[in-house]
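Number of protein chains: 4
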Amino acid sequence: MDKIDVAVLGATGAVGQRFVQLLENHPWFRVSEVIGSSRSAGQTYSDAVNWVLDGGPPEAVSALQVKALDDELSSPLVFSALPKEAADPREFELAAAGHVVCTNASANRMVEDVPLLLPEANADHVGLIDVQRARRGWTTGALVANSNCTSMPVVMAMAPLRRFGIRKIHMVSEQAISGAGYPGVASLDILDNVIPYVSGDEGKMETEPRKMLGALKNEAIEWLDVVAGATCTRVPVIDGHLVNISVELAEQPSLDEIIAAWESFVGPDPVPQLPSAPAQPVYYLPQIDRPQIRRDRNAGQGMSTSIGRLRECPILGYKFAALSHNTIRGAAGCSILNAELLAVKGYLGSFEPAYSSVAVL
Amino acid sequence: MDKIDVAVLGATGAVGQRFVQLLENHPWFRVSEVIGSSRSAGQTYSDAVNWVLDGGPPEAVSALQVKALDDELSSPLVFSALPKEAADPREFELAAAGHVVCTNASANRMVEDVPLLLPEANADHVGLIDVQRARRGWTTGALVANSNCTSMPVVMAMAPLRRFGIRKIHMVSEQAISGAGYPGVASLDILDNVIPYVSGDEGKMETEPRKMLGALKNEAIEWLDVVAGATCTRVPVIDGHLVNISVELAEQPSLDEIIAAWESFVGPDPVPQLPSAPAQPVYYLPQIDRPQIRRDRNAGQGMSTSIGRLRECPILGYKFAALSHNTIRGAAGCSILNAELLAVKGYLGSFEPAYSSVAVL
Amino acid sequence: MDKIDVAVLGATGAVGQRFVQLLENHPWFRVSEVIGSSRSAGQTYSDAVNWVLDGGPPEAVSALQVKALDDELSSPLVFSALPKEAADPREFELAAAGHVVCTNASANRMVEDVPLLLPEANADHVGLIDVQRARRGWTTGALVANSNCTSMPVVMAMAPLRRFGIRKIHMVSEQAISGAGYPGVASLDILDNVIPYVSGDEGKMETEPRKMLGALKNEAIEWLDVVAGATCTRVPVIDGHLVNISVELAEQPSLDEIIAAWESFVGPDPVPQLPSAPAQPVYYLPQIDRPQIRRDRNAGQGMSTSIGRLRECPILGYKFAALSHNTIRGAAGCSILNAELLAVKGYLGSFEPAYSSVAVL
Amino acid sequence: MDKIDVAVLGATGAVGQRFVQLLENHPWFRVSEVIGSSRSAGQTYSDAVNWVLDGGPPEAVSALQVKALDDELSSPLVFSALPKEAADPREFELAAAGHVVCTNASANRMVEDVPLLLPEANADHVGLIDVQRARRGWTTGALVANSNCTSMPVVMAMAPLRRFGIRKIHMVSEQAISGAGYPGVASLDILDNVIPYVSGDEGKMETEPRKMLGALKNEAIEWLDVVAGATCTRVPVIDGHLVNISVELAEQPSLDEIIAAWESFVGPDPVPQLPSAPAQPVYYLPQIDRPQIRRDRNAGQGMSTSIGRLRECPILGYKFAALSHNTIRGAAGCSILNAELLAVKGYLGSFEPAYSSVAVL
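Protein sequence lines, in the order shown, are assigned to chains A, B, C and D.
890 is the number of the first residue of the first sequence in this note's numbering; add one for each residue after it.
890 is the number of the first residue of the second sequence in this note's numbering; add one for each residue after it.
890 is the number of the first residue of the third sequence in this note's numbering; add one for each residue after it.
890 is the number of the first residue of the fourth sequence in this note's numbering; add one for each residue after it.
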């Protein structure tokens, strides 16, 4: 099978590097264009990038010449790791020009006709692309977003609990430094320290999950009607966001029923068969001191969410801790899974993924 | 003035070392006896101790010979940094033998006639000593405890809010490794990691504050009637426990009224005049990213509580973060302040502290 | 092909866990017996182990029942992660009983007829097994050791330089906490700290490389005649030992000649074809700030040594930094590679590895 | 006594903050002017500064209005924490304008008539100021520098050993992140990591100590004739630089003689009587695992150097570890001590410090 060419916007930044790393050896996608700042444009990727992940960049991408943000792109599929300000107009321009854009940027997440996808939780929201195309007069282009990296484990933990009626969610996060990009958090600010505030994240955690857990009705997302309150803190760990969650449910399931809901959760077809989908999206860890950020962030190659410590909360009814890898499942990895879903659903034009194991609707 | 001799139980452990360090140059107290394990007994303190604080032990104490736990003690005042199991019978034995014991151990905190003191918050609970002595037939002995190191900042933050009617307290802590003593947390368990569980602490946080914020009535403490729920996590910082608190109040004070309540809080006379009392027990930090564990744990020589991020909570009404130094104000420093209060209140026998600046009741 | 059964001594410790982890899916070896302390014996491995690596133990091994150290073993091949004291007599007993023992313990490394193997550097030392067997009257048993985890990168860096005549080696290490096992280094001792001493390691670094870089002559190892001096320090990183090396050579090669010696180094046949052998044993990193412990420790799946910063030393002539993963290539991974070499060389009895790509001598 | 007014250049940076912190309550000096970037100029210090040390800035300085770098200054004494580029011309301009400038910047350290002062080691180098003034036609102005923060512990350790004839010094440093200023080292670059390179520091360590340990002869510093080689690495600690030093001496003193040389070292009069001089400039720690960065960096309020692990080096004869606080004794604290020496020596014009306890030469 021929792979489809993809472009990575903001390819030299921390999340951009994660896109490049995760796309090495991808069965369907091949990085053909890397887009950086005007300062990087014209250099080879290996010269332009200050690689902050382990090891070094993949050889195939190293040799690519970095393009500027306003250069024309030839790849039908575009992944965006742009900072918010740059993302805002450019992503819509590219979608209007016929590209399918899967973005990690926050700029357009709350736009009404932009799906905020976490495939296991809301694969049906891809239907919003039809609305988007019709409304905007696009035929091949589309813009799809993934959520904030701290909202992500919350949505993954909550999706299987929708059946019990979610009323209130109280969240306190402990977030890794990689969530702030590079150079991001100064080491003098975080070594032997905790910062009780992460700029912008609390608001996102109080809104994004409501959209993501909502339902596509009448060509729009009807937000889930819950009260959500978040506190975000930064801790001295490299990768992995842990969220301490208390939740009030309409029904009163037993703890075992909740655990069963998580462990049996796989998301709707064809999500479990997508190349980047983890074998098990949610693991419940029975040990009393898990999930731990360093030890559990790489579960399912960083694509699974680890949950533990489910117990009664004297105030809201239930509480537990949920953990996800913030730059894999919480960012680049989620966008890639989103693109895989779009491919199977036929939103990538004539591209037909080598994918026969499941009946596509 | 002559100083009063004090003994330190568990003097070679991490909290015991903090007692020894804080008592160097104390105006009223002089460390005359150090008590260690049977393995340490007979050695000089400097030989027996593996000093884990900065620098080394004070010279005067270094030369003392370590006594065994069942050796007879001559000091009228005893500070206990014993582990729970050792503390249980021995502290009562010493009190029965006429010593005033100020303990950091958790063993006897919930015993009905043992005051759980945080002087600014509940100095009047010392009255329970009269009950204790009468009930047990003691004349000079007494047993007084300080709270768990994570309960401590909660009580300090809540005491000034009692006037608004406290109904519910939701707590998520981020705790330093020194809270687990030495050797305590293995470095392989905590470097680049967060552990979402601290053995025993959640239960303490859900009960101790209720006793401490309660009222002494009819020779007993009437616990404060609140619903308290706690999650305790361990983070890779040396010292300092941060607690993310959401609270429901009966009244609806403005944020400014709450800040004013904290900033004007000094505790009842004679607490503010005690040698170890901080100039200001509670600091409200207006910066959006404070309190930070490393930067604020030493406020008031580690005796003040730093609070920040007061804002509305969509679920319980108010939320904020509170931070205290866990081995100073949350442990040894609090016991020393407790002893100072006892001294001024006349519970240390004929010892009269050099203390004239305040009218003692 | 049928796999050969292997036993892991000290399987519940930190290095034992690494053996179990690395042997999952090994093409030739299958973990069939796990041996622990008397306290663990009789439990399943998953119950007995406090898994300190990421994730959890492999399922197949989890179900094995832990054996006691003096239980009889049925596996022909034994990996030892025993502490020094336990290793001393037991490893020889097992070898005498016919087992091939590949050990990470330091106890018997300096025994004259025990090869201290790092295959790329001294594969020919396996010939010492013939001497060992003849001298001790063994037919199928053998005892083979790998080096100390900090000696290891030094030997890997020096082996390609033997051609230039090595005269003096000055070493200053910065070592990860995992080198001390579990619980090992207390977090209070290492967070925000450097400890300028690692018990026992300096002596090993000054002797082991001399044996390893020596020559097998007349049925004995003739040590390399160099002066070696080491300083070992502990730093707050999880895995990876970095050694700052200054070296005096008899010849005066150019820096480029030294780099070429490293980059072309693969070790003698059949080493490069062994399943655990890295594609390139030594990588020279041209960036001025590499190798970095976190970013380079996993090079070659943790089996490669990364070298950087080669430059002139005003005192000894040349200096550079070398880095290896201490619990993979510096411990369990090396023992496994050693066993693979023994298998191909015919020291594992009738076991014939699926291995045809190279002419075995 | 009246205090003398001082200005701090670069007052909002990390080292500038340390100047402001250390000068609070100084007996002779009072911060009257704070100079920042053009962006900060005009704001109050508390508004302009992002205080990165613990707690917050002193109240008296908080209210000062920040001046721009080219504003005229009225303070006779100026401390400079400027970055190298800004320091180069401005420090000479200020000295030419009559100010005594004590700088931490590296820009002018190697200028022939600028003393590079570490008072205990080379107080007599202040005589170079007379040369400087004569040569440049200055009457009241002067420019005096302190050394690089990693050179500093080397010079302090070596000064007492000059009597034995220093021939070669081999140095490997482990340096704190605060040495890079703020924001300085990105947390993604240093958490769970060691960087084997610190830009610029190796060259400084190979030259500055030779000037500092040299002799003032014929109106110039005659550098010490030693061969010095340095490797600098960055480790994840907040403050404190540790240097692993091997040294070759002309004589062969016993280890005890070397220790005695360190412990008896106080520097020439009047240095020991200066307000910021530590009671003991060099402490030799007999424990095998000291000095440790976190536990010993604050010895002597951060003004003492801690040495340990003296032993034979198979290559150069002797080796040991030396540690100093890099932003106190290695930067701001040293400049302040330098200024105190200048004051007593009469280089601060008519200012007469309250200082009678020693006969000034």
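Quick reminder that beta carbons are idealized off the backbone N, C-alpha and C, glycines included.
Count the other CB atoms, across all protein chains shown, that sit within 10 Å of the CB of residue i; report buried if there are 16 or more and exposed otherwise.
{"i": "T1039/C", "result": "buried"}
{"i": "N914/C", "result": "exposed"}
{"i": "K956/C", "result": "buried"}
{"i": "R1123/A", "result": "buried"}
{"i": "I1134/B", "result": "buried"}
{"i": "E980/C", "result": "buried"}
{"i": "L1199/C", "result": "buried"}
{"i": "R928/B", "result": "exposed"}
{"i": "P916/B", "result": "exposed"}
{"i": "E922/A", "result": "buried"}
Within a Cβ cutoff of 8 Å, which residues of the same chain sit near residue i, ignoring the five residues on either side of it in sequence?
{"i": "V1249/A", "result": "Its pLDDT being 38, under 50, V1249/A is placed unreliably by the model, and nothing is read from it."}
{"i": "K973/B", "result": "A994, S995 and A996"}
{"i": "A1210/C", "result": "L1131, V1132, N1133, I1134, P1180, I1196, G1197 and R1198"}
Could you name the residues of the same chain whose beta carbon sits closer than 6 Å to that of residue i, not counting the 5 residues immediately before and after it, in chain order?
{"i": "V1247/C", "result": "Low per-residue confidence applies at V1247/C: pLDDT is 45, beneath 50, and the placement is therefore not dependable enough to give any value."}
{"i": "P1098/A", "result": "S1040, V1043 and V1044"}
{"i": "E1253/B", "result": "The structure shown does not extend to residue 1253/B, since chain B is modelled only from 890 to 1250, so the question has no answer here."}
{"i": "L1005/A", "result": "R998, A1034, S1036, K1100 and M1101"}
{"i": "Y1173/B", "result": "I1148, W1151, E1152 and I1196"}
{"i": "Q932/B", "result": "V955"}
For residue i, collect the residues of the same chain with a Cβ closer than 7 Å to its Cβ; drop the 5 residues on either side in sequence, then sort them by chain order.
{"i": "A1264/A", "result": "Lying before the first or after the last residue shown, residue 1264/A is absent from chain A, which here runs from 890 to 1250."}
{"i": "A986/A", "result": "G1030"}
{"i": "S1165/A", "result": "M1192, G1222, I1225, L1226 and E1229"}
For my contact list, residue i and residue j are in at a C-beta cut-off of 8 Å; report their separation, rounded to the angstrom.
{"i": "I1018/B", "j": "V1033/B", "result": "7 Å"}
{"i": "L911/B", "j": "I1225/B", "result": "6 Å"}
{"i": "F1240/C", "j": "I893/C", "result": "5 Å"}
{"i": "L1007/B", "j": "G1129/B", "result": "About 17 Å separates the two Cβ atoms, so there is no contact after all."}
{"i": "H1059/D", "j": "I1204/C", "result": "5 Å"}
{"i": "G1206/A", "j": "V1136/A", "result": "7 Å"}
{"i": "P1170/B", "j": "E1009/B", "result": "5 Å"}
{"i": "D1081/B", "j": "L1050/D", "result": "At roughly 40 Å, the Cβ-Cβ gap does not stay under 8 Å, so D1081/B and L1050/D are not in contact."}
{"i": "E1063/A", "j": "E1063/B", "result": "7 Å"}
Closest by CA to residue i, which one among the options?
{"i": "L942/C", "options": "V1115/C, I1066/C, H1059/C and Q1176/C", "result": "I1066/C"}
{"i": "A1139/D", "options": "G1054/D, Y1086/D and G944/D", "result": "G1054/D"}
{"i": "S935/A", "options": "V909/A, E1201/A, I1079/A and R1025/A", "result": "V909/A"}
{"i": "D960/B", "options": "L983/B, V990/B, A970/B and D891/B", "result": "L983/B"}
{"i": "V1061/C", "options": "W1027/D, L1237/D and V1132/D", "result": "V1132/D"}
{"i": "T992/B", "options": "D977/B, A970/B and A1119/B", "result": "A970/B"}
{"i": "H1214/A", "options": "D1178/A, T1194/A, E1201/A and C1202/A", "result": "T1194/A"}
{"i": "V920/A", "options": "P1142/A, L1237/A and G905/A", "result": "G905/A"}
{"i": "D1104/D", "options": "V1087/D, D1178/D, S1143/D and G1016/D", "result": "Looking at the sequence provided, one finds Ala at residue 1104/D rather than Asp. It is G1016/D whose Cα lies nearest to the Cα of A1104/D."}
{"i": "S1088/A", "options": "W1112/A, A1119/A, P1167/A and D1114/A", "result": "A1119/A"}
- Any chance the stretch 1175 to 1185 of chain A sits against the stretch 1100 to 1113 of chain A, with 3 or more Cβ pairs inside 8 Å? no
- How do the stretch 1052 to 1071 of chain D and the stretch 1073 to 1083 of chain A stand: do at least 3 beta-carbon pairs fall below 8 Å, yes or no? yes
- Item | the stretch 1135 to 1154 of chain A contacting the stretch 1211 to 1218 of chain A, beta-carbon criterion three pairs below 8 Å | no
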